[in-house]
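Residue numbers (the UniProt record's numbering): 1 to 56.
Even for Gly, the Cβ is constructed at its ideal location relative to N, Cα and C.
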Amino acid sequence: MEVVQAVGRGRTNHEIAADLFISLSTVKGHIAGIQTKLGARNRTELAVWAWQSGLL
C-alpha cells in the first residue's frame, strides 16, 4: 500500500526506497507485481487506480 501511495504522490523509485528504507530493486519488484495484478500498463495508470480507490 505504501508503495502505491508513494507512486500516486509522484515519488520516484529512488525516493520511495529511501522513504521506506528498502532497496531500489525491492521497490521496482513491488511496483511491477502490483501493476501486473491490477493490469496497469504504467505508473500513471497505477496512480490513477490509487486515486480512484481512495488511497490518496
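Task: Under 8 angstroms between C-beta atoms of LEU46 and LEU56 - done: Taking the sequence shown and counting its residues from 1, the one referred to as residue 46 is at position 46. Taking the sequence shown and counting its residues from 1, the one referred to as residue 56 is at position 56. Result no, Cβ atoms of LEU46 and LEU56 do not sit closer than 8 angstroms.
Task: ALA18 - DSSP class collapsed to helix/strand/coil - done: Here residue 18 refers to the residue found at position 18 when the sequence shown is read from its first residue. Note: ALA18 maps to helix in three-state DSSP.
- [ ] Take SER23 and list the residues in its own chain whose beta-carbon comes closer than 7 angstroms to its own, dropping the five residues that flank it on each side.
- [x] Residue numbering aside, residue 23 sits at position 23 when the sequence shown is read from its first letter. The answer, listed in chain order, is ALA17.
- [ ] Kindly indicate the opening and closing residues of the alpha helix (DSSP H) around SER25.
- [x] Numbered from its first residue, the sequence shown carries residue 25 at position 25. Note, SER25: alpha helix (DSSP H), 24-38.
Open item on the list: Pop quiz: VAL48 and HIS30 are said to be a contact at Cβ under 8 angstroms. What is the actual Cβ separation, rounded to whole angstroms?
Closed with: Translated into the one-based positions of the sequence shown, residue 48 becomes position 48. Translated into the one-based positions of the sequence shown, residue 30 becomes position 30. Rounded, the Cβ-Cβ distance is 18 angstroms, inconsistent with contact.
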